[in-house]
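Residue numbers (my numbering): 87 to 209.
Even for Gly, the Cβ is constructed at its ideal location relative to N, Cα and C.
Fair warning: this is a prediction, and the values are worked out from it, not measured in the lab.
In structure tokens:
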């Protein structure tokens with residue numbers, strides 16, 4: 087069965103690159119441009135994994151992660167956070183909120199990204 091991945095990122099180019107990388111590896115993707123849209127899509131269908139940007143207008147990645155992990159219907163869905171900042175405090179914060187992994191954008195070649203996705207999906 088095809089795994090469905092929700093990509094939540096306000097940056098259109100980042101969103102499209104991540105979706106393209108995932109789709110070329112055989113995953114089905116759904117895109118959201120902010121946290122509120124992401125939550126609506128999360129509630130609308132079966133999602134196997136969430137790729138989440140942290141810094142977004144409106145509901146940011148921290149808020150999205152808090153809501154997602156507090157909801158019994160989505161608390162067990164793995165979340166990979168992607169951030170542009172290389173901050174140990176930020177990494178600790180998102181892990182404490184329940185993220186499976188935190189990747190830094192400028193240190194994330196496609197092979198590393200896909201390996202993290204496969205691991206998060208239990209493969």
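Between the alpha carbons of residue 135 and residue 97 lies a distance of about 19 Å.
According to DSSP, residue 188 shares a beta bridge with 167.
Taking C-beta atoms as the reference points, residue 137 and residue 104 count as a pair closer than 8 Å.
Using a 10 angstroms sphere on the CB of residue 89, the tally of other CB atoms reaches 16 or more, which defines it as buried. For residue 179, the uninterrupted alpha helix (DSSP H) segment begins and ends at 174-182. For residue 186, the closest alpha carbon among the candidates 118, 146, 106 and 201 is that of 201. Assignment of residue 103 by DSSP, reduced to helix, strand and coil, places it in the helix class.
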